[in-house]
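>
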Amino acid sequence: MRFMVIVKSNEDSEAGQGPSAELLEQMGKFNEELVKAGVLLAGEGLTPSSEGARVVFSGAEEPRVVDGPFTESKELVGGFWILQCRDREECIEWIKRMPNPGGEAGEVEIRRVAEAADFENMTPEVEAMEGKLRAQSAGQA
Amino acid sequence: MTVADTRSTVEAVWRIESPRLIAGLARMARGDVGLAEELAQDALVAALEQWPDSGVPRNPGAWLMTTAKRRAIDQFRRNERYAEKLEEVGRDQRLGEGVLPDFDAGLDDHIEDDVLRLLFVACHPVLNTQARVALTLRMLGGLTTDEIARAFLVRESTIAQRIVRAKKALAAAKVPFEVPEGDERVARLSSVLEVIYLVFNEGYSATRGDDWMRPALCEDAMRLGRVLAGLMPGESEVLGLVALMELQASRAKARTRPNGEPVLLLDQDRARWDRLLIQHGLAALALSEQIAEGAYGPYSAQAAIAACHARARTAEETDWARIAALYEGLGKLQPSPVIELNRGVAVAMAYGPAAGLAVVDAVADEPALKDYHLLPSVRGDLLEKLGRSAEAEQEFRRAAEMTENARERALLLNRASAVAG
Amino acid sequence: MRFLVIVKASPASEAAGFQPSAEELTEMTKFNERLFAEGRIELAEGLTSSADGSRVLFEGDAEPKVIDGPFAETKELIAGFWVLKGESLEEIVELMKQVPNLGPGEGVLEIRPIDE
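From first to last, the protein sequence lines stand for chains V, F and B. Start counting at 1 in the first sequence, then tack on 7, and there's your number in my numbering. Start counting at 1 in the second sequence, then tack on 378, and there's your number in my numbering. Start counting at 1 in the third sequence, then tack on 940, and there's your number in my numbering.
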């Protein structure tokens, strides 16, 4: 199973302030543990939300673009990992070991990545439709 | 926490900690892997008993190790047989009351080396393949006997017995707790890779509708491969195997229709290929190639072929010349008519049907391919492209007779009719 | 440059038993195939609802606290994401304006550059 581990932003990450040397070192070791255990598939940090944007869809009109920064820190993503674990409990156990030398309050969310088996509506008819689409687009290419 | 909650946490901790726990205990038990595994299981039972009340400890790995050590000391004190066992190993002439096994021998420094030793012991060729697989998944994969049984579609008691017999066989053969050097190392590493790839294929060959445990075997195998790559960073074939598994697994979502029918690689919807696994696999392959300075082993060669497909956004963009060259290299490492057949297909795609047919015809009479329906199927395709219609029709009909798959038979018969005109 | 494009959750995506319809899956597949043909996709995944998820809360030296989902504040949640290659934020914004299935009703995408 795969899990997306979402590290929430905090004031420092939003201010573009890099992690402390201690945190950087401990995070590096933690990442290495995840690699050595064979569970790390991907991991990225994000720039502050001031460099981002939102696209808001509301029905028929043209979608609206809102530039960052976004003030609700609690919902902002600061970085993420994709981990391969047997189940959610294993993923939780790994994340409990995440270093936090500064002792700051922080929140990490763990969510399951959907797999093909999770989609009931991938019917043979949809498959056939896709096959037609592929053939069409191949013809256009 | 409820007992049920604690149980899942204990199991999760077990999955993470058990390889190091067993490896560390094996060091203390002077290489007795069987005893180490029993002591570890005792600690697991203790955790299941105590943690619902005491709570999950802050450092669960350390708790398990301390508990296992305490039990080992108790056992040693009470059990003359244990003391005798240690005497048999003959390491310490003074063994007797009061002299304990070496519990603190540089534990942390050696723990990764010990995990590697454990893996090599679990895959020792004195054990048959089934035993190696069961022991590896149990001691290094963190799986329970029940999980292993369900994955291999056998009874739990069957796996339990396999593990008991395996431990006895290792003890009887006095298999040392070490990673061999030199020529033996190459052979033994090959044995380890074989076990991991076997587990992978067991999971990969599982079809939809099978117990969900079986596809999870692919993940277990990839994980073991990555762990081994971390423990042996200079070994290009380990990285080659990781790359091969990840690139193969990347196609898993695209290779069957909802009704379970297989889709040939060249017909697969490449947008369904798992990009995460492709990236990871290509990175592992690149590292492997860098270490081996361009020399391929069997696994890295197969991975390089898989990479050619993974890199092609459409089937038309496939680098067939490179695939043909890689098959040639693979054929030199592991001569086989099937590999030559595959090489023939690649040569045809790269250099035209005549060139491909020449390669295929050179192995057409090999006994190994006598019942292999893909041989006449491939010959038929190449003959058709060369305008040799009568021969092509004959080959398609021959292939149709040989295949067991009804859909494939229909397709082949259609091709036979079409080329007959 | 690379970007994380987040699909924010909605009451629909969080509802128990939520399944994208066959049309929605088809439309999303078409869109992804286009992105794929342009060589943009590094990752494209959906997440199951927060009912399958958990949060781990860290504070000081205390043992991290685990809370299982589901989580009520839908606007804080993610339903899916892409990691895409692009020349600039503007380019990805223009591209993602064409994403299917996010209307009627409010749908929100958040586009964040990855720190290289």
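Here a beta-carbon is modelled for each residue, glycine too, at the ideal position from N, C-alpha and C. These numbers come from a predicted model, not from an experiment.
Can you pull out the residues from the segment 384-402 of chain F whose beta carbon lies closer than 8 angstroms to at least one beta carbon of chain V?
The segment 384-402 of chain F vs chain V, Cβ under 8 angstroms: SER386, THR387, GLU389, ALA390, VAL391, ARG393 and ILE394.
> Following the continuous alpha helix (DSSP H) through F:LEU665, name the residue where it begins and the one where it ends.
653-670 is the extent of the alpha helix (DSSP H) around F:LEU665.
> May I ask you to list, following chain order, the residues of the segment 953-975 of chain B that have a beta carbon less than 8 angstroms from some beta carbon of chain F?
Residues THR969, ASN972 and GLU973.
> I need the boundaries of the alpha helix (DSSP H) containing F:GLY519, first residue and last residue.
Careful: F:GLY519 lies outside any alpha helix (DSSP H) and carries neither H nor E.
> Scan the segment 984-1002 of chain B for residues whose Cβ lies nearer than 8 angstroms to a Cβ of chain V and list them as they occur along the chain.
Within the segment 984-1002 of chain B, the qualifying residues are GLU985, GLY986, LEU987, THR988, SER990, ASP992, GLY993, SER994, ARG995, VAL996, LEU997, PHE998, GLU999, GLY1000 and ASP1001.
> Excluding the 5 residues flanking F:ALA688 on each side, which residues of the same chain have their C-beta closer than 8 angstroms to its C-beta?
Taken in chain order, the residues that qualify are LEU625, SER628, TRP651, ILE656, GLY659 and LEU660.
> B:ILE1032 versus chain F: which residues are under 7 angstroms apart at the beta carbon?
In chain order: nothing, as chain F lies at least about 17 angstroms away.
> Output needed in chain order: residues of the segment 643-673 of chain F with a Cβ under 7 angstroms from some Cβ in chain V.
So the close ones are ASP647, LEU654 and HIS658.
> Could you tell me which chain F residues have their CB closer than 9 angstroms to the CB of B:GLU982, listed as they occur along the chain?
The answer, in chain order, is ARG653, LEU654 and GLN657.
> For chain V, find out if any of its Cβ atoms is closer than 8 angstroms to the Cβ of B:PRO1053; answer yes or no.
Closer than 8 angstroms to some Cβ of chain V, the Cβ of B:PRO1053 qualifies, so yes.
> Against F:ARG691, what residues of chain B qualify as contacts under a CB-to-CB distance less than 9 angstroms, listed in chain order?
Per Cβ cutoff of 9 angstroms: PHE976, ALA977 and GLY979.
> What residues of chain V sit near B:GLU1016, judged by a beta carbon separation below 7 angstroms?
Residues of chain V passing the Cβ test: LYS81 and GLU82.
> Assuming the contact rule is C-beta atoms closer than 8 angstroms, F:VAL803 and F:VAL756 should be a hit. Round their C-beta distance to whole Å, please.
In the structure as shown, chain F begins at 379 and stops at 799. Residue 803 of chain F is therefore absent and cannot be evaluated.
> Please identify the residue among F:THR384, F:ASP759, F:LEU571 and F:ARG405 whose C-alpha is closest to the C-alpha of F:ALA450.
Considering only alpha carbons, the answer is F:ARG405.
> Can you check DSSP and say which residues form a bridge with F:ALA424?
Answer is none; F:ALA424 lacks a bridge partner.
> First and last residue of the alpha helix (DSSP H) that includes B:PHE971?
Note, B:PHE971: alpha helix (DSSP H), 962-977.
> To the nearest angstrom, how far is it from the Cα of F:GLY799 to the Cα of F:LYS763?
Between F:GLY799 and F:LYS763, the C-alpha separation is close to 14 angstroms.
> Can you pull the chain B neighbours of F:ALA635, defined as C-beta to C-beta under 9 angstroms?
It should be noted that the sequence gives Arg, not Ala, for residue 635 of chain F. Near F:ARG635 there are no residues of chain B at all, since even the closest Cβ is about 15 angstroms away, more than 9 angstroms.
> Indicate the three-state DSSP secondary structure (helix, strand or coil) for V:GLY25 in the structure shown.
Residue state, collapsed to three classes: coil.
> Would you mind sorting B:SER989 into buried or exposed? The rule is 16 or more other CB atoms within 10 Å of its CB.
Burial call: buried.
> What residue range is occupied by the uninterrupted beta strand (DSSP E) comprising B:SER994?
Element bounds for B:SER994: 994-998.
> Residues in the segment 430-447 of chain F with C-beta within 7 angstroms of chain B's C-beta atoms, listed in sequence order?
The segment 430-447 of chain F vs chain B, Cβ under 7 angstroms: ARG436.
> Could you give the C-beta distance for V:LEU1 and V:SER56, rounded to a whole number, given that I count them as a contact under 8 angstroms?
Residue 1 of chain V lies beyond the range of chain V shown here (8 to 148); nothing can be said about it.
> Work out the CA separation of V:VAL12 and F:LEU576 for me, nearest whole Å.
Using only the alpha carbons, I get a separation of about 31 angstroms.
> Are three or more beta carbon pairs between the segment 964-979 of chain B and the segment 87-100 of chain V nearer than 8 angstroms?
They do not touch, by the three-pair rule.
> Should B:GLU1050 and V:ARG93 be called a contact, given that it needs their Cβ atoms to be closer than 8 angstroms?
Cβ atoms of B:GLU1050 and V:ARG93: not closer than 8 angstroms.
> For a contact meaning CB atoms closer than 7 angstroms, what does B:PHE1049 contact in chain V?
Note that residue 1049 of chain B is Leu in the sequence shown here, rather than Phe. The answer, in chain order, is ARG61 and VAL62.
> What do you get for F:THR507, buried or exposed, if any count of 16 or more other CB atoms within 10 angstroms of its CB means buried?
Looking at its Cβ environment, which holds fewer than 16 other Cβ atoms inside 10 Å, F:THR507 is exposed.
> At a Cβ cut of 9 angstroms, what residues of the segment 599-616 of chain F count as close to chain V, listed as they run along the chain?
Taking 9 angstroms as the Cβ-Cβ cut-off against chain V, the residues of the segment 599-616 of chain F that qualify are MET600, ARG601, LEU602, GLY603, ARG604, VAL605, LEU606, ALA607, GLY608 and LEU609.
> Using alpha carbons as the reference points, say which of B:GLY986, B:LEU944 and B:VAL1048 lies closest to V:ASP125.
That would be B:GLY986, whose Cα lies nearest to the Cα of V:ASP125.
> What three-state label does DSSP hand F:MET780 in the structure shown?
If DSSP states are grouped into helix, strand and coil, F:MET780 belongs with the helices.
> Would V:PHE77 and V:PRO70 be called neighbours here (beta carbons separated by less than 8 angstroms)?
The answer is no: Cβ separation not under 8 angstroms.
> Taking the C-alpha atoms as reference points, what is the distance between F:GLU786 and F:VAL737?
Their backbone Cα atoms lie some 24 angstroms apart in a straight line.
> Tell me which residues share the same chain as F:GLU671 and place their Cβ nearer than 6 angstroms to its Cβ, disregarding the 5 neighbours each side in the sequence.
Excluding residues within five positions, none has a Cβ falling inside 6 angstroms.
> Kindly indicate if chain B contains any beta-carbon less than 8 angstroms away from that of V:MET11.
Cβ-Cβ to chain B under 8 angstroms: yes for V:MET11.
> Hey, F:ARG510 and F:CYS501: beta-carbon distance below 8 angstroms or not?
Contact flag set, yes.
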